[in-house]
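Worksheet: the structure to be examined is printed underneath.
Protein chains in written order, with the working numbering: chain A, 126 to 276; chain B, 301 to 568; chain C, 653 to 755.
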């Protein structure tokens with residue numbers, strides 16, 4: 126599905142607002158961006174999120190090992206140093222549904238999230254951050270290994 | 301076959317970080333394991349296990365708080381580090397799980413079949429009470445030095461049987477535990493196999509069970525670990541709470557003596 | 653009503669660090685049971701964390717969040733004894749709310 130390298134990734138992102146489903150009301154717990162989460166291709170997930178063309182920015186993967194012993198639980202930490210970051214999303218390119226999670230960061234909360242995701246196979250992981258209405262991206266490849274017998 | 305070295309050979313199936321080969325792959329895997337330590341889902345089993353320990357249950361509607369795990373009725377703290385051991389009331393050497401079954405039967409009135417049912421859970425639809433109780437009791441021994449007794453003749457006999465089992469070759473592949481765990485520098489895929497003939501490998505391994513296994517999304521106990529090893533060796537099924545399972549546990553736990561217990565852990 | 657979460661909230665400098673462990677199958681809808689039937693997707697879709705009537709984090713999750721989810725973040729402010737309230741809602745409409753006091 127992916128048409129090329131990182132440049133194509135960024136170019137494919139369209140601008141239509143970040144989360145179509147979530148408005149300013151972050152209190153309502155039932156909004157869920159179905160189109161984005163149910164997309165099967167990375168490009169479609171990005172399109173459904175409506176993210177603008179993202180440039181690389183100061184987004185770091187923190188406490189995120191390069192090799193996961195098991196794809197069921199892969200620790201991912203994303204920290205955005207971009208001032209005014211109000212949203213962070215995690216996408217896993219080769220998952221059946223690439224969009225894993227979107228975090229809304231209100232003022233006063235650090236733009237740094239740690240969670241654990243499932244990875245179907247070795248894949249690029251994308252961290253998208255929105256700040257001041259613009260979108261930034263960082264990527265990291267995480268290898269998923271086949272285990273042995275024990276552990 | 302080599303005899304037992306000073307600290308014995310331990311059938312421990314967690315990978316001791318110290319045993320990892322020096323390579324960047326191994327370093328990254330170590331980072332993976334370290335990153336998982338904070339926020340161990342085993343805690344969810346510990347919470348449930350504590351509830352099960354304290355709730356009045358069974359036909360007699362009594363809690364397990366009178367259960368003697370070796371340090372006196374109701375004493376949970378540190379008990380796991382001193383198991384298995386001989387219990388006069390059962391006239392048997394028991395590991396934690398078989399002791400829990402004993403208490404559920406004698407104190408709470410469950411039948412042995414009821415108490416022993418579903419030892420290995422499978423999702424929220426088929427939860428194992430035994431796994432939760434084991435997680436709770438084990439968590440109360442965190443930091444306590446392993447101190448498995450070998451005073452009673454039956455404890456010694458269990459140790460000897462366990463040792464024999466460790467070296468016993470059988471099954472379709474003619475494997476023994478020692479086949480995988482009796483030599484330095486071996487691995488299966490990316491997982492180093494600790495040489496359980498070394499004190500280091502033995503201690504680090506036993507003290508990290510029970511553990512939350514991410515590959516299964518379940519909390520697994522040491523009985524499970526032995527059961528699964530037998531399965532992987534193509535041995536006949538290791539019966540839960542059997543003399544064989546307990547004997548192997550005595551052998552391995554005893555050889556971990558001196559190391560601080562650090563379970564519940566989290567593993568692949 | 654799902655199983656209790658484990659919430660830890662602690663002061664770190666001028667911030668509160670929140671760590672949450674939730675009990676949930678997070679079934680992807682990709683797996684099949686022993687009979688070959690697809691096990692339906694069952695997963696937390698929304699998470700909200702509230703402190704002093706203020707939402708300090710909200711999230712939308714998909715099936716790729718791991719079983720028994722773990723979440724960690726920090727927000728400015730918070731004093732010992734303040735309540736932190738975490739709520740999740742899953743795709744079946746089940747919800748769970750737990751709270752913890754900042755240590």
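Glycine is no exception: its CB is placed at the ideal position from the N, C-alpha and C atoms.
* Sort A:264, A:181 and A:234 by Cα distance to residue 724 (chain C) and report the nearest one. => A:234
* To do: Would you grab the beta carbon distance between residue 698 (chain C) and residue 712 (chain C) for me? Rounded to a whole angstrom, and I think it's under 8 Å.
  => 6 Å
* Sequence-distant residues of its chain with Cβ nearer than 6 Å to residue 727 (chain C) (five each side left out) -> 668 and 708
* Asked: Which stretch, first to last residue, makes up the beta strand (DSSP E) that contains residue 329 (chain B)?
  -> First-last for residue 329 (chain B): 324-337, but that is the alpha helix (DSSP H), not the beta strand (DSSP E).
* Any idea which residues DSSP pairs residue 751 (chain C) with across the strands? -> C:737
* Asked: Any idea if residue 236 (chain A) is buried or exposed, counting beta-carbon neighbours within 10 angstroms, 16 or more meaning buried?
  -> buried
* Going by CA-CA distance only, name the one from B:451, B:334, B:482 and B:554 that's closest to residue 497 (chain B). => B:482
* For residue 536 (chain B), does the count of other Cβ atoms within 10 angstroms reach 16, so buried, or fall short, so exposed? -> exposed
* Counting Cβ pairs closer than 8 Å, one from the stretch 545-559 of chain B and one from the stretch 683-690 of chain C, do we hit at least three? -> no
* Leaving out the 5 sequence neighbours to the left and right, which residues in its chain are closer than 6 Å to residue 246 (chain A) when beta-carbon positions are compared? -> 219 and 269
* **Secondary structure of residue 516 (chain B), DSSP reduced to three states** => coil
* Asked: Quick one: is residue 431 (chain B) near chain C, going by C-beta distance under 7 Å?
  -> no
* Using a Cβ cut-off of 8 Å, pull out every chain C residue sitting near residue 190 (chain A), in sequence order please. => Chain C residues near residue 190 (chain A): none, gap ~14 Å exceeds 8 Å.
* Using the beta-carbon of each residue, which ones in chain A are nearer than 7 Å to residue 335 (chain B)? -> 188, 190 and 200
* For residue 490 (chain B) and residue 346 (chain B), the rounded distance between their alpha carbons -> 30 Å
* Asked: DSSP state of residue 308 (chain B), grouped into three classes?
  -> Bear in mind that the predicted position of residue 308 (chain B) carries a pLDDT of just 44, short of 50, making it unreliable; the figure below should be weighed with that in mind. The answer is coil: DSSP assigns residue 308 (chain B) none of H, G, I, E or B.
* Of the residues B:388, B:415 and B:543, the one placed nearest residue 400 (chain B), counting alpha carbons only -> B:415
* Asked: Assuming residue 718 (chain C) and residue 198 (chain A) make a contact with CB atoms under 8 Å, what is their CB distance in whole Å?
  -> 5 Å
* Quick one: what does DSSP say residue 667 (chain C) is sitting in, helix, strand or coil? -> strand
* Are the beta-carbon atoms belonging to residue 362 (chain B) and residue 407 (chain B) less than 7 Å from one another? -> yes
* **residue 164 (chain A) in three-state terms, based on DSSP** => coil
* **Cβ-based neighbour list, residue 484 (chain B), same chain, cut-off 7 Å, excluding 5 preceding and 5 following** => 495
* Asked: If we ignore side chains and look at the alpha-carbon of each, how far apart do residue 743 (chain C) and residue 749 (chain C) end up?
  -> 16 Å
* In this structure, does DSSP put residue 453 (chain B) in helix, strand or coil? -> helix
* Check each candidate in B:435, B:425 and B:331 and name the one with the smallest Cα separation from residue 353 (chain B). => B:435
* Say whether chain A places a C-beta atom closer than 7 Å to the C-beta of residue 703 (chain C). => no
* To do: For residue 655 (chain C), return the contacting residues in chain B, with the cut-off set at a CB-CB distance below 9 Å.
  => 344, 347, 348 and 424
* Could you tell me which chain B residues have their CB closer than 7 Å to the CB of residue 720 (chain C), listed as they occur along the chain? => 341, 344 and 517
* May I ask you to list, following chain order, the residues of the stretch 235-260 of chain A that have a beta carbon less than 7 Å from some beta carbon of chain C? => 235, 237, 238, 239, 240, 241, 242 and 243
* Can you tell me the Cα-Cα spacing of residue 755 (chain C) and residue 704 (chain C), whole angstroms? -> 15 Å
* When Cβ atoms are compared, which residues of the stretch 509-538 of chain B fall closer than 7 Å to chain A? -> 514, 515, 517 and 532
* Under 7 Å between beta-carbons, which chain B residues line up against residue 677 (chain C)? List them in chain order, please. => 423 and 424
* Neighbour list for residue 568 (chain B) in chain A, Cβ cutoff strictly below 8 Å -> 194, 195, 272 and 276
* Run of the alpha helix (DSSP H) containing residue 412 (chain B), from where it starts to where it stops -> 412-416
* To do: At 7 Å on the CB atoms, spell out the chain A contacts of residue 715 (chain C), in chain order.
  => 222
* Asked: Would a C-beta distance cut-off of 7 Å place residue 339 (chain B) and residue 673 (chain C) closer than the cut-off?
  -> yes
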